[in-house]
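Asker: Heads up, the sequence shown stops at 264 in my numbering, and the numbers go up one at a time, no gaps.
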Amino acid sequence: MFSAPQTEQTTSFKTARRSPNRQPVEGLDGFHSGTVRRIEAKEHVFCEGDPRTHVYRIEDGVIALSKVLSDGRRQIIDFAYPGDYIGLGMFGDHVFDAQATCACKVKCLPTSQLEHDAARDPALAFRLYNAVSAELSAARRLLVSVGQGTAMERIASFLIELKGRGGHAEEDLINLPMRRSDIADLLGLTIETVSRTLTKLRMMRVIEIQNGNDVRILDANRLEEIAG
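(1) What did DSSP end up calling T71 once you bin it into helix, strand or coil?
(2) Only counting the same chain, and skipping five residues up and downstream in sequence, which positions put a Cβ closer than 7 Å to that of D96?
(3) Starting from the C-beta of D255, find all residues in its chain whose C-beta is less than 6 Å away, skip the five residues before and the five after it, and write them out in chain order.
(4) Can you give the Cα-Cα distance for Q184 and L223, rounded to whole angstroms?
(5) Which runs of the alpha helix (DSSP H), 4 residues or longer, sit entirely within the region 205-232?
(6) Output the distance between the C-alpha atoms of L124 and V91, rounded to the nearest integer angstrom.
(7) Which value, in whole angstroms, describes the spacing of the CA atoms of R190 and I219?
(8) Spatial neighbours of M188 within its chain, please: CB distance less than 6 Å, with the 5 preceding and 5 following residues excluded, ordered by chain position.
(9) May I ask which residues mark the beginning and end of the beta strand (DSSP E) holding E84?
(10) With DSSP collapsed to three states, give me the class of A134.
(11) Pull the bridge partners of F115 from the DSSP assignment, please.
(12) Return the residue from the list L225, L101, R258 and S231 that minimises the CA-CA distance to M240.
(13) Going by C-alpha to C-alpha distance, which of T229, V230, L212 and E197 sits closest to E260?
(14) Return the CA-CA distance between N249 and V72, expressed in angstroms with no decimal places.
(15) Name the one or two DSSP bridge partners that Y121 has.
(16) My guess is that A136 and I75 are in contact by the Cβ rule of under 8 Å, so how many angstroms apart are they, rounded?
(17) Considering E244, what are the terminal residues of the alpha helix (DSSP H) in which it resides?
(18) Using a Cβ-Cβ cutoff of less than 6 Å, which residues in the same chain neighbour T235 once the five nearest sequence positions on both sides are dropped?
(19) Can you tell me which of the three DSSP states D129 falls into?
(20) Where DSSP assigns a beta bridge to L250, which residues make up the other side?
(21) Please report the residue range of the alpha helix (DSSP H) in which L259 lies.
(22) Output yes or no for whether 9 Å exceeds the beta carbon distance between L101 and D114.
(23) How big is the Cα-Cα spacing for A116 and L237?
(24) Would you kindly check if the distance between the Cβ of T147 and the Cβ of T186 is under 9 Å?
Right, dumping it as C-alpha coordinates:
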(Lines of atoms letter the chains of each structure in order from A and count residues from 1; the text may use other names and numbers.)
(Lines give C-alpha, C1' and ligand atoms only; values in the text may rest on other atoms or scores of the structure.)
Protein backbone atom coordinates (compact mmCIF):
# COMPACT_ATOMS: atom_id res chain seq x y z
CA MET A 1 0.00 0.00 0.00
CA PHE A 2 1.29 3.44 -0.90
CA SER A 3 2.06 5.63 2.10
CA ALA A 4 2.86 9.32 2.05
CA PRO A 5 3.29 12.30 4.38
CA GLN A 6 0.06 13.85 5.63
CA THR A 7 -0.19 16.90 3.39
CA GLU A 8 -1.70 17.90 0.08
CA GLN A 9 -0.12 18.73 -3.25
CA THR A 10 0.13 22.41 -4.13
CA THR A 11 3.10 24.65 -4.79
CA SER A 12 3.84 28.15 -3.52
CA PHE A 13 4.27 31.00 -6.00
CA LYS A 14 7.93 31.64 -5.33
CA THR A 15 9.29 28.15 -4.74
CA ALA A 16 7.54 26.75 -7.81
CA ARG A 17 9.36 29.08 -10.17
CA ARG A 18 12.74 28.13 -8.78
CA SER A 19 12.30 24.50 -7.77
CA PRO A 20 12.84 21.52 -10.08
CA ASN A 21 10.47 19.55 -7.83
CA ARG A 22 7.44 21.16 -9.43
CA GLN A 23 6.74 18.55 -12.10
CA PRO A 24 3.46 17.04 -13.31
CA VAL A 25 2.71 13.59 -11.91
CA GLU A 26 2.82 11.26 -14.90
CA GLY A 27 1.01 7.96 -15.09
CA LEU A 28 -2.33 8.85 -13.49
CA ASP A 29 -4.19 6.83 -16.11
CA GLY A 30 -7.35 6.77 -14.02
CA PHE A 31 -7.95 10.42 -14.87
CA HIS A 32 -8.77 9.43 -18.45
CA SER A 33 -12.01 7.98 -17.11
CA GLY A 34 -12.34 10.30 -14.12
CA THR A 35 -15.60 12.05 -13.33
CA VAL A 36 -15.95 15.67 -14.45
CA ARG A 37 -17.40 18.02 -11.86
CA ARG A 38 -18.45 21.61 -12.56
CA ILE A 39 -17.91 24.08 -9.74
CA GLU A 40 -19.61 27.46 -9.52
CA ALA A 41 -17.74 30.58 -8.39
CA LYS A 42 -17.26 30.60 -4.59
CA GLU A 43 -18.34 26.95 -4.35
CA HIS A 44 -16.01 24.62 -2.44
CA VAL A 45 -14.40 21.57 -4.00
CA PHE A 46 -13.69 20.45 -0.44
CA CYS A 47 -13.28 22.02 2.98
CA GLU A 48 -10.68 21.63 5.68
CA GLY A 49 -11.61 18.60 7.76
CA ASP A 50 -13.55 16.84 5.00
CA PRO A 51 -12.62 13.18 4.44
CA ARG A 52 -10.06 12.85 1.66
CA THR A 53 -11.96 10.73 -0.87
CA HIS A 54 -10.74 12.05 -4.24
CA VAL A 55 -7.80 13.61 -6.03
CA TYR A 56 -8.71 16.48 -8.35
CA ARG A 57 -7.13 17.79 -11.55
CA ILE A 58 -8.08 21.32 -12.55
CA GLU A 59 -9.44 21.31 -16.10
CA ASP A 60 -10.72 24.89 -16.33
CA GLY A 61 -10.75 27.89 -14.00
CA VAL A 62 -8.75 28.68 -10.87
CA ILE A 63 -9.14 27.20 -7.39
CA ALA A 64 -8.06 29.14 -4.28
CA LEU A 65 -6.49 27.04 -1.53
CA SER A 66 -6.73 28.46 1.98
CA LYS A 67 -6.67 27.75 5.69
CA VAL A 68 -8.61 29.31 8.54
CA LEU A 69 -6.16 30.61 11.15
CA SER A 70 -6.60 30.35 14.90
CA ASP A 71 -7.88 33.95 15.05
CA GLY A 72 -10.55 33.20 12.43
CA ARG A 73 -8.84 34.89 9.49
CA ARG A 74 -8.64 33.12 6.13
CA GLN A 75 -5.11 32.70 4.73
CA ILE A 76 -4.68 32.00 1.02
CA ILE A 77 -2.01 29.33 0.49
CA ASP A 78 -1.92 29.06 -3.30
CA PHE A 79 -3.96 29.12 -6.49
CA ALA A 80 -4.42 25.96 -8.56
CA TYR A 81 -4.60 26.43 -12.34
CA PRO A 82 -5.54 24.05 -15.19
CA GLY A 83 -3.23 21.04 -15.12
CA ASP A 84 -2.61 21.30 -11.36
CA TYR A 85 -3.61 18.50 -8.98
CA ILE A 86 -5.09 19.11 -5.54
CA GLY A 87 -5.70 16.62 -2.75
CA LEU A 88 -2.79 14.31 -3.57
CA GLY A 89 -2.23 13.39 0.06
CA MET A 90 -3.95 10.02 0.33
CA PHE A 91 -4.87 9.54 3.98
CA GLY A 92 -6.70 11.46 6.69
CA ASP A 93 -8.78 14.58 6.17
CA HIS A 94 -8.18 17.59 3.95
CA VAL A 95 -5.96 20.14 5.66
CA PHE A 96 -7.18 23.23 3.78
CA ASP A 97 -10.17 24.60 1.86
CA ALA A 98 -10.38 24.51 -1.94
CA GLN A 99 -12.77 27.13 -3.31
CA ALA A 100 -13.48 28.20 -6.89
CA THR A 101 -12.57 31.79 -7.75
CA CYS A 102 -14.74 31.55 -10.89
CA ALA A 103 -16.75 28.91 -12.73
CA CYS A 104 -14.43 25.88 -12.80
CA LYS A 105 -14.26 22.33 -14.06
CA VAL A 106 -12.32 19.60 -12.25
CA LYS A 107 -11.78 15.93 -12.97
CA CYS A 108 -12.10 13.63 -9.96
CA LEU A 109 -10.32 10.35 -9.26
CA PRO A 110 -11.17 8.32 -6.13
CA THR A 111 -8.20 7.94 -3.82
CA SER A 112 -8.99 4.21 -3.73
CA GLN A 113 -8.30 4.07 -7.48
CA LEU A 114 -5.08 6.04 -7.04
CA GLU A 115 -3.98 3.70 -4.26
CA HIS A 116 -4.77 0.71 -6.48
CA ASP A 117 -2.75 2.15 -9.38
CA ALA A 118 0.18 2.99 -7.08
CA ALA A 119 0.17 -0.54 -5.63
CA ARG A 120 0.56 -1.97 -9.14
CA ASP A 121 3.15 0.59 -10.25
CA PRO A 122 6.05 1.21 -7.83
CA ALA A 123 7.36 4.00 -10.08
CA LEU A 124 4.03 5.84 -9.79
CA ALA A 125 4.05 5.34 -6.02
CA PHE A 126 7.53 6.85 -5.90
CA ARG A 127 6.47 9.88 -7.97
CA LEU A 128 3.43 10.43 -5.76
CA TYR A 129 5.56 10.17 -2.64
CA ASN A 130 8.01 12.72 -4.04
CA ALA A 131 5.19 15.06 -5.06
CA VAL A 132 3.67 15.05 -1.59
CA SER A 133 7.07 15.26 0.15
CA ALA A 134 8.03 18.22 -2.03
CA GLU A 135 4.92 20.02 -0.84
CA LEU A 136 6.01 19.66 2.77
CA SER A 137 9.16 21.61 1.91
CA ALA A 138 7.26 24.10 -0.26
CA ALA A 139 4.80 24.84 2.54
CA ARG A 140 7.66 25.58 4.94
CA ARG A 141 9.46 27.79 2.41
CA LEU A 142 6.24 29.70 1.71
CA LEU A 143 6.15 30.88 5.31
CA VAL A 144 9.52 32.52 4.69
CA SER A 145 9.06 33.65 1.09
CA VAL A 146 5.96 35.80 1.66
CA GLY A 147 7.93 37.84 4.16
CA GLN A 148 10.81 38.55 1.80
CA GLY A 149 11.28 40.97 -1.05
CA THR A 150 9.60 44.22 -1.98
CA ALA A 151 6.00 44.40 -3.14
CA MET A 152 7.26 44.77 -6.71
CA GLU A 153 9.43 41.65 -6.40
CA ARG A 154 6.58 39.61 -4.93
CA ILE A 155 4.09 40.64 -7.62
CA ALA A 156 6.66 40.01 -10.38
CA SER A 157 7.48 36.55 -8.98
CA PHE A 158 3.78 35.74 -8.71
CA LEU A 159 3.09 36.70 -12.34
CA ILE A 160 6.10 34.76 -13.63
CA GLU A 161 5.06 31.65 -11.71
CA LEU A 162 1.51 31.83 -13.08
CA LYS A 163 2.81 32.31 -16.61
CA GLY A 164 4.97 29.21 -16.22
CA ARG A 165 2.08 27.04 -15.12
CA GLY A 166 0.35 27.14 -18.48
CA GLY A 167 -3.36 26.62 -18.95
CA HIS A 168 -3.76 30.12 -20.39
CA ALA A 169 -5.46 30.99 -23.68
CA GLU A 170 -2.26 32.71 -24.87
CA GLU A 171 1.34 32.25 -23.73
CA ASP A 172 1.81 35.77 -22.38
CA LEU A 173 -1.78 36.34 -21.21
CA ILE A 174 -2.51 35.46 -17.57
CA ASN A 175 -6.05 35.20 -16.27
CA LEU A 176 -6.49 36.52 -12.71
CA PRO A 177 -10.11 35.70 -11.82
CA MET A 178 -9.38 35.89 -8.11
CA ARG A 179 -10.03 39.03 -6.08
CA ARG A 180 -7.19 41.47 -5.48
CA SER A 181 -7.68 40.79 -1.77
CA ASP A 182 -6.89 37.10 -2.37
CA ILE A 183 -3.66 37.99 -4.16
CA ALA A 184 -2.78 40.37 -1.34
CA ASP A 185 -3.48 37.64 1.20
CA LEU A 186 -1.20 35.16 -0.57
CA LEU A 187 1.68 37.60 -0.98
CA GLY A 188 1.45 39.23 2.44
CA LEU A 189 0.51 42.64 1.03
CA THR A 190 -2.42 45.04 1.30
CA ILE A 191 -5.07 45.31 -1.42
CA GLU A 192 -3.97 48.87 -2.09
CA THR A 193 -0.34 47.80 -2.51
CA VAL A 194 -1.30 45.06 -4.98
CA SER A 195 -3.37 47.48 -7.08
CA ARG A 196 -0.70 50.19 -6.91
CA THR A 197 2.07 47.77 -7.89
CA LEU A 198 0.14 46.37 -10.85
CA THR A 199 -0.54 49.93 -11.98
CA LYS A 200 3.17 50.79 -11.70
CA LEU A 201 4.13 47.73 -13.76
CA ARG A 202 1.57 48.80 -16.36
CA MET A 203 2.99 52.34 -16.49
CA MET A 204 6.48 50.84 -16.91
CA ARG A 205 5.11 48.94 -19.94
CA VAL A 206 6.07 45.64 -18.34
CA ILE A 207 2.48 44.41 -18.31
CA GLU A 208 -0.86 45.38 -19.77
CA ILE A 209 -4.13 44.91 -17.87
CA GLN A 210 -7.05 43.81 -20.03
CA ASN A 211 -10.71 43.40 -19.10
CA GLY A 212 -9.90 43.82 -15.42
CA ASN A 213 -8.92 40.17 -14.89
CA ASP A 214 -6.34 39.53 -17.62
CA VAL A 215 -2.68 40.54 -17.46
CA ARG A 216 -0.56 40.46 -20.60
CA ILE A 217 3.19 40.32 -20.07
CA LEU A 218 4.80 42.79 -22.47
CA ASP A 219 8.40 42.50 -21.28
CA ALA A 220 9.15 39.10 -19.74
CA ASN A 221 12.88 39.83 -19.37
CA ARG A 222 12.21 42.99 -17.40
CA LEU A 223 9.71 41.15 -15.21
CA GLU A 224 12.36 38.51 -14.47
CA GLU A 225 14.84 41.24 -13.53
CA ILE A 226 12.34 42.82 -11.15
CA ALA A 227 11.57 39.46 -9.54
CA GLY A 228 15.29 39.06 -8.78
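Each residue gets a CB set at the ideal place from its N, CA and C atoms; glycine is no exception.
Answerer: Taking the geometry as given:
(1) strand
(2) P118, C140 and K141
(3) V242
(4) 10 Å
(5) 216-223
(6) 6 Å
(7) 10 Å
(8) T233 and I262
(9) Run containing E84: none; DSSP gives neither H nor E here.
(10) strand
(11) A100
(12) R258
(13) E197
(14) 25 Å
(15) R93
(16) 4 Å
(17) No alpha helix (DSSP H) contains E244, which is instead part of the beta strand (DSSP E) from I243 to Q246.
(18) none
(19) strand
(20) Residue identity check: residue 250 is Asp in the sequence provided, not Leu. Looking at the DSSP assignment, D250 forms a beta bridge with N211 and Q246.
(21) A256 to A263
(22) yes
(23) 24 Å
(24) no
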